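Here the structure comes first, spelled out in structure tokens, and everything after it is commentary.
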Amino acid sequence: MKQLVSKFKKSEKGFTLVELLAVIVILGIILAIAIPAIGNIIDNAKDDNKDNQIELIHDAARLAEVNDEEGITTVGDLISKGYLEDTKALAGYKTTKLSELGSSEDEDEDEDEDEDEDETGN
């Protein structure tokens, strides 16, 4: 009888319930750490994309300002004049007017004011 029981135990193959539960717990811990990290990577990529789009719009507005000598323009104007491509990426922007971007004229005015103050002694 003992031989039969020992043969039966030796022929058993597989995992015990405790081993399976341990693996499931370990996988759960790994997933609990990995999923938020992946979410942060995706959020950072979206933020970087938005920053790049804003920089693209800013550069296009500066180019339009230099070429057309206009201080204020709309995103629609930038697209219609060919400074920006009409893409779905720009569709989410609600801004219709760009404020004046600092130009050398603004800096010249500031310098002139400083010189005037120096001359008057204030």
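So our numbering is basically just the index in the sequence shown, starting at one, shifted up by 5. Where is the CB? At the ideal position from N, CA and C, for every residue including glycine. Please read all numbers here as calculations on a predicted model, not as lab measurements.
Where residue i falls: helix, strand or coil (DSSP)
i	result
Gly-19	coil
Gly-87	coil
Status (buried if at least 16 other CB within 10 Å, exposed otherwise) for residue i
i	result
Leu-89	buried
Leu-36	exposed
Ala-39	exposed
Ala-66	buried
Ala-27	exposed
Val-80	buried
Cβ-Cβ distance between residue i and residue j below 9 Å
i	j	result
Leu-83	Ile-62	yes
Ala-69	Lys-51	no
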